[in-house]
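Student:
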Amino acid sequence: MEQSLLYPVVNAVRTDQKLDGLWRFSFDAVGVGPQEGWAKHLPKAVDMPVPASFNDFFTDKDAREYTGDFWYEKKFFVPADYQGRFVGLRFDAVTHRATIYVDGVKIRSHEGGFLPFVADVTDALHYGEENTVVVQGNNELSREALPAGDTITLKNGKKMVRPFFDFYNYSGINRSVHLITLPVERITDYTTDFTLAGADADVHYTVTTTGDHDVVAVLRDADGQVVAENTGKQGTLHVTDAHLWNVRAAYLYTLTLRITNDTTIVDEYSAEIGIRTIKIVGTEIQVNGQSVYLKGFGRHEDSPFAGRAFDLNVEKKDFSLMQWSGANSFRTSHYPYDEQVYQMADREGFLVIDEVPAVGFKMAAASFLGGLNQSFFKGPWIKPLHAKHLDQITDMIKRDKNHPSVFAWSLLNEPDTVTEESVPYFKQIFAETKDLDPQSRPRTFSLSEDDTIETSKDLDFPDIYLLNRYPGWYHYAGYQISDGEAGLREEMDKWAASGINKPIVFTEFGADTEAGLHKLPSVMWSEEYQVEVLEMFSRIFDSYPFIKGEQVWNFADFQTVEGNMRVNGNKKGIFTRDRQPKAAAFFYHKRWTNIPLDY
Ligand SMILES: CCCN1C[C@@H](O)[C@H](O)[C@@H](C(=O)O)C1
Numbered sequence: 001m002e003q004s005l006l007y008p009v010v011n012a013v014r015t016d017q018k019l020d021g022l023w024r025f026s027f028d029a030v031g032v033g034p035q036e037g038w039a040k041h042l043p044k045a046v047d048m049p050v051p052a053s054f055n056d057f058f059t060d061k062d063a064r065e066y067t068g069d070f071w072y073e074k075k076f077f078v079p080a081d082y083q084g085r086f087v088g089l090r091f092d093a094v095t096h097r098a099t100i101y102v103d104g105v106k107i108r109s110h111e112g113g114f115l116p117f118v119a120d121v122t123d124a125l126h127y128g129e130e131n132t133v134v135v136q137g138n139n140e141l142s143r144e145a146l147p148a149g150d151t152i153t154l155k156n157g158k159k160m161v162r163p164f165f166d167f168y169n170y171s172g173i174n175r176s177v178h179l180i181t182l183p184v185e186r187i188t189d190y191t192t193d194f195t196l197a198g199a200d201a202d203v204h205y206t207v208t209t210t211g212d213h214d215v216v217a218v219l220r221d222a223d224g225q226v227v228a229e230n231t232g233k234q235g236t237l238h239v240t241d242a243h244l245w246n247v248r249a250a251y252l253y254t255l256t257l258r259i260t261n262d263t264t265i266v267d268e269y270s271a272e273i274g275i276r277t278i279k280i281v282g283t284e285i286q287v288n289g290q291s292v293y294l295k296g297f298g299r300h301e302d303s304p305f306a307g308r309a310f311d312l313n314v315e316k317k318d319f320s321l322m323q324w325s326g327a328n329s330f331r332t333s334h335y336p337y338d339e340q341v342y343q344m345a346d347r348e349g350f351l352v353i354d355e356v357p358a359v360g361f362k363m364a365a366a367s368f369l370g371g372l373n374q375s376f377f378k379g380p381w382i383k384p385l386h387a388k389h390l391d392q393i394t395d396m397i398k399r400d401k402n403h404p405s406v407f408a409w410s411l412l413n414e415p416d417t418v419t420e421e422s423v424p425y426f427k428q429i430f431a432e433t434k435d436l437d438p439q440s441r442p443r444t445f446s447l448s449e450d451d452t453i454e455t456s457k458d459l460d461f462p463d464i465y466l467l468n469r470y471p472g473w474y475h476y477a478g479y480q481i482s483d484g485e486a487g488l489r490e491e492m493d494k495w496a497a498s499g500i501n502k503p504i505v506f507t508e509f510g511a512d513t514e515a516g517l518h519k520l521p522s523v524m525w526s527e528e529y530q531v532e533v534l535e536m537f538s539r540i541f542d543s544y545p546f547i548k549g550e551q552v553w554n555f556a557d558f559q560t561v562e563g564n565m566r567v568n569g570n571k572k573g574i575f576t577r578d579r580q581p582k583a584a585a586f587f588y589h590k591r592w593t594n595i596p597l598d599y
């Protein structure tokens with residue numbers, strides 16, 4: 001668990017210099033790096049952009065599919081006047097694990113390819129000189145790490161991953177690297193929670209610091225006017241006539257936290273916050289006491305050239321297309337996204353289901369790739385896996401807890417929930433994560449087709465049911481789609497008869513579609529057929545009042561492993577990988593722009 005995951009800011013007492021750009025890069029297939037001194041300097045290397053996945057820059061398959069250790073190196077100058085401050089290297093994400101060295105000195109390691117970590121380099125740097133940072137990365141998969149999979153060794157000695165998940169194992173320094181300096185006595189975390197009272201609101205806050213000086217909290221409105229302030233490391237800021245943050249009607253205040261020593265500012269941290277409440281009331285998802293219906297997408301951080309890297313240009317385009325489609329939400333399938341995504345969602349008033357990469361916790365997925373057929377939760381890998389799973393949930397909530405856009409935490413995607421062995425695992429993880437979120441937002445996980453109201457042993461745990469269903473594609477497809485609709489209606493009738501009093505959100509449904517393929521009458525893979533499948537789901541969503549959301553799979557075509565069920569990736573996108581609309585995009589533009597928020 002990280003001490004501080006505050007997003008870097010620049011002000012009178014904090015600095016943030018991005019080290020993005022070209023780094024030196026080398027594979028280490030035989031693992032000689034450590035003993036050959038690569039921690040100090042890479043003997044031979046190629047230029048590699050950061051942030052970026054390294055995979056798609058290569059033209060030879062050994063390099064693109066490379067599995068094992070890889071090394072990055074960057075020289076950076078450290079001004080003399082940084083001495084006496086906390087100096088850190090913040091990696092927004094290195095996939096899947098990393099060890100950090102400065103001038104040959106090992107600083108720390110980190111496990112988890114989709115969450116940030118800070119290497120404290122304060123005592124390792126040479127101030128007033130050029131320094132060298134080296135990153136030893138590794139992208140192997142295993143059943144005791146997130147996301148789950150296997151790493152095999154081919155007869156030619158080369159390693160290869162076998163993911164238990166359907167997205168390409170893009171690897172590298174996928175997000176920005178920051179050289180940050182902070183005051184020694186500093187703010188390391190803060191929490192916010194809200195209560196509404198008529199037109200007014202109370203902002204309950206706590207602040208964690210490294211010292212004993214008190215904290216002043218100041219809240220400003222969007223015009224920069226102070227609306228409330230309070231002294232104390234915890235307290236309440238009362239806002240008269242509060243302007244609430246609402247779905248697709250965002251309003252952001254700025255919370256400024258300041259440590260003062262008489263007249264001097266010791267540390268200061270400001271962030272945008274949205275005053276809103278999230279509650280599950282029966283089968284309703286309520287924002288500020290109003291029921292909302294989710295319209296949107298399962299997504300991936302995925303684009304040509306840089307793979308899984310965060311690209312602000314792609315993100316801006318994606319939000320523009322989501323707004324055009326009439327969407328109001330998305331799930332960060334199947335891993336926490338770059339912090340800037342949540343900042344954009346805060347500003348655009350989107351609701352986000354924030355998901356950890358607990359994907360592939362189902363041997364069926366492995367068998368889909370030729371794995372074993374046993375209960376995933378019975379394996380010897382469960383104990384080490386649980387520790388990493390809890391660590392990554394903890395850091396995801398610590399990092400994202402103050403975003404108004406985040407309304408639910410997805411703790412797993414499609415785990416095995418039909419075996420008795422799954423129950424103790426779920427019981428433990430839900431108990432351990434119960435109090436991590438000061439706002440007590442809903443915790444959930446997605447249920448696959450195998451995990452129904454009749455077969456799942458773990459239905460007591462989630463606060464919302466997320467259903468992934470594929471009639472019309474993986475079964476009852478083509479001309480048989482009418483049986484698929486009948487079958488799903490039967491399942492929904494059983495949910496209705498069960499008396500289960502929680503909302504259902506469909507977080508996956510769809511059909512692979514080759515853009516530009518047209519057929520009358522339709523056939524599978526044609527744009528016309530994708531629309532027919534989505535029309536079928538829409539009829540069902542419109543038939544059951546406890547269905548409170550539809551997030552189609554997927555926003556855009558995305559890269560996966562190669563296989564006889566993938567045509568250069570997954571083609572269930574409503575948009576192509578280069579973000580051009582298929583017929584389904586116009587279907588949703590029409591459907592969602594005519595569905596009211598409280599549908
Ligand atoms: C196996 C069903 C789960 N779902 C997971 C998602 O990551 C995949 O991309 C999607 C699909 O097969 O399109 C299926």
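Residue numbers for the sequence shown follow this note's numbering, beginning at 1 and rising by one.
Just so you know, even glycine gets a beta-carbon here, dropped at the ideal spot from N, CA and C.
(1) Quick test of your reading: L146 and K378, contact by CB under 8 Å. State the CB separation rounded to the nearest angstrom.
(2) Within this structure, are the beta carbons of G307 and S53 separated by less than 8 Å?
(3) Look up F575 in the DSSP assignment and give the residues it is bridged to.
(4) Considering only residues of the same chain and omitting the five flanking positions on each side of P581, which have a CB-CB separation below 7 Å?
(5) Does ligand 3 have even one heavy atom less than 7 Å from the beta-carbon of S456?
(6) Let's test the definition: count the other Cβ atoms within 10 Å of the Cβ of M565 and tell me whether it reaches 16, buried, or not, exposed.
(7) Under 7 Å from any heavy atom of ligand 1, does the C-beta of E514 make it?
(8) Does the Cβ of H178 have 16 or more other Cβ atoms within 10 Å, making it buried, or fewer, making it exposed?
(9) Among residues of its own chain, excluding the 5 on either side of I481, which ones have a beta-carbon nearer than 8 Å to its beta-carbon?
(10) Once you ignore the five residues that flank Y7 on each side, which residues in its own chain have a CB closer than 6 Å to its CB?
(11) Please tell me whether V287 and V247 are closer than 8 Å, where the distance is taken between their beta carbons.
(12) Cβ atoms of D483 and Y476: under 8 Å apart, would you say?
(13) In whole angstroms, give me the CA-to-CA distance for D615 and E490.
(14) With a threshold of 16 other CB atoms inside 10 Å of the CB of L154, please say whether the residue is buried or exposed.
(15) Is it right to say K398 is buried, meaning 16 or more other beta carbons lie within 10 angstroms of its own, or is it exposed?
(16) I'd like to confirm the pairing. Which residues does DSSP put opposite F117 in its beta bridges?
(17) Please classify N149 as buried or exposed, where buried requires at least 16 neighbouring CB atoms within 10 angstroms.
(18) Where does G298 sit, in a helix, a strand or coil, going by DSSP?
(19) For a test of the three-state rule: what should DSSP assign to S482, helix, strand or coil?
(20) By how many angstroms is the C-alpha of M1 removed from the C-alpha of A408?
(21) Check whether the Cβ of D167 sits closer than 7 Å to any heavy atom of ligand 1, and report yes or no.
(22) Can you confirm whether K494, when its beta carbon is compared against all beta carbons of chain D, has any partner nearer than 8 Å?
(23) Which whole runs of the beta strand (DSSP E) in the segment 443-472 are 3 residues long or more, in chain order?
(24) Restricting to runs no shorter than 3 residues, where is the beta strand (DSSP E) found entirely within the segment 202-276?
(25) Are P404 and G274 closer than 8 Å when you measure CB to CB?
(26) Taking its Cβ as the centre, do 16 or more other Cβ atoms sit within 10 Å of T593, making it buried, or is it exposed?
(27) Can you check the segment 134-197 for any beta strand (DSSP E) of at least 3 residues that lies completely inside it and give the ranges in chain order?
(28) Quick one: give me the first and last residue of the alpha helix (DSSP H) that S603 is part of.
(29) What residue range is occupied by the uninterrupted beta strand (DSSP E) comprising Q286?
(30) According to DSSP, is I609 part of a helix, a strand, or is it coil?
(31) Output needed for G370: all residues of its chain with C-beta closer than 7 Å, excluding positions within five of it in sequence on either side, in chain order.
(32) If you draw a straight line from the C-alpha of S367 to the C-alpha of R162, how long is it?
(33) F541 and F586 - do their beta-carbons sit closer together than 8 Å?
(34) Might you give, ordered along the chain, the residues of its own chain that have their beta carbon closer than 6 Å to the beta carbon of Y609, omitting 5 neighbours on each side?
(35) Quick check on K519: buried or exposed, where buried means 16 or more other Cβ atoms within 10 Å of its Cβ?
(36) Are there three or more Cβ pairs, one per stretch, closer than 8 Å when the segment 492-511 is compared with the segment 452-467?
Tutor: According to the data block:
(1) With a Cβ gap of about 18 Å, L146 and K378 do not count as contacting.
(2) Yes, Cβ-Cβ distance for G307 and S53 is below 8 Å.
(3) Beta-bridge pairing links F575 to A556 and P581.
(4) F575.
(5) The ligand content of the structure shown is limited to ligand 1, which means ligand 3 is not among them.
(6) Exposed.
(7) No.
(8) Counting Cβ neighbours within 10 Å, H178 comes out buried, since at least 16 surround it.
(9) Same-chain partners within the cutoff: P471, G472, E532, V533 and M536.
(10) Contacts found: E339.
(11) Judged by their CB atoms, V287 and V247 are nearer to each other than the 8 Å cut-off.
(12) Yes, the pair counts as a contact, with Cβ atoms nearer than the cut-off.
(13) Lying outside 1 to 599, the shown extent of the chain, residue 615 is not represented and no answer is given.
(14) Counting the other CB atoms within 10 Å of its CB gives L154 a total below 16, which places it among the exposed residues.
(15) Counting Cβ neighbours within 10 Å, K398 comes out buried, since at least 16 surround it.
(16) F91.
(17) Before going on, a small fix: residue 149 reads as Gly here, not Asn. Burial of G149 is indicated by the presence of at least 16 other C-beta atoms within 10 angstroms of its C-beta.
(18) Residue state, collapsed to three classes: strand.
(19) Note: S482 maps to helix in three-state DSSP.
(20) Going by C-alpha positions, A408 is about 20 Å away from M1.
(21) According to the sequence provided, residue 167 is Phe. The question's Asp does not apply to it. Relative to ligand 1, the nearest heavy atom lies less than 7 Å away from the CB of F167.
(22) This model lacks chain D altogether; it includes just one protein chain.
(23) Listed in chain order, they are 443-447 and 465-468.
(24) Listed in chain order, the complete beta strand (DSSP E) runs (minimum 3 residues) inside the segment 202-276 are 215-220, 226-231, 234-239, 253-261 and 264-273.
(25) Cβ atoms of P404 and G274: closer than 8 Å.
(26) By the 10 Å Cβ count, T593 comes out exposed.
(27) The qualifying runs are 149-153, 159-163, 177-182 and 187-197.
(28) In the structure as shown, the chain begins at 1 and stops at 599. Residue 603 is therefore absent and cannot be evaluated.
(29) It spans E284 to V287 - the beta strand (DSSP E) in which Q286 sits, taken as one unbroken run.
(30) Look at the range of the chain in this structure, 1 to 599, and you will see that residue 609 is not part of it.
(31) Its pLDDT being 49, under 50, G370 is placed unreliably by the model, and the measurement read from it follows with that caveat. Contacts found: none.
(32) Annotation note: pLDDT 43 at S367 (below 50); position unreliable, coordinate value reported separately. Approximately 11 Å, taken between the alpha carbons.
(33) Cβ atoms of F586 and F541: not closer than 8 Å.
(34) The requested residue 609 is not part of the displayed model; the chain covers only 1 to 599.
(35) Classification for K519: exposed.
(36) Touching, per the Cβ criterion.
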